[in-house]
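The next block holds one structure in the form of structure tokens; read it before the comments.
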Amino acid sequence: MSQGPVDVAAVGDVPDGGSIRVEVAGTPVCLVNLGGTFHALHDTCTHARESLAGAYIDGDRIECPRHGAFFSIVTGEAITPPATTPLPTFGVTVEGDRVLVDPTPSHAHPFDI
Ligand code: FES
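Start counting the sequence shown at 1; every next residue gets the next number (the numbering used here).
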């Protein structure tokens, strides 16, 4: 059974240029605010399972704090090693001051978590 978008946070919960970890239907998601536009990525690095929420952000890239792989915040692409597999992404909508995330990922996480 498909599930509709999940209310995960208030707009003001995520600082511009920052990220927080939220749960969407049991999946850990890194919710990022880039200049007022929200993006949602699977929170678990595809290299060795590090959490990405709160990690260093450089432009539209986020750096895994464990081994330094960069991922595109917009597409989930693994930009630099040691990660080689893209992060799943999730659709985001903003309604009023609430941020909603679609629980269906762009693709399965390689660790299936
Ligand atoms: S755990 Fe993320 S780069 Fe290794």
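By construction, the Cβ of each residue, glycine as well, lies at the ideal position given by its N, Cα and C atoms. Please read these numbers as outputs of a predicted model, since none were measured by experiment.
For the pair A10 and D97, the CB atoms are nearer than the 8 Å cut-off.
When secondary structure is reduced to three states using DSSP, D58 falls in the strand class. For the ligand FES, a non-hydrogen atom lies closer than 7 Å to the CB of G68. When H109, G54, G68 are compared, the shortest CA-CA separation from T85 is found for H109. Cβ atoms of S19 and V32 come within 8 Å of each other, at about 4 Å. Within the same chain, and ignoring the five residues on either side of I79 in sequence, the residues whose Cβ sits closer than 7 Å to its Cβ are R61, F70, F71, S72. The beta carbons of V24 and V8 sit closer together than 8 Å. The beta carbon of L87 sits closer than 7 Å to those of L41, H42, T46, F71, G76, all from its chain and outside the five residues before and after it, given in chain order. Just so you know, the alpha carbons of C30 and V22 end up roughly 6 Å apart.
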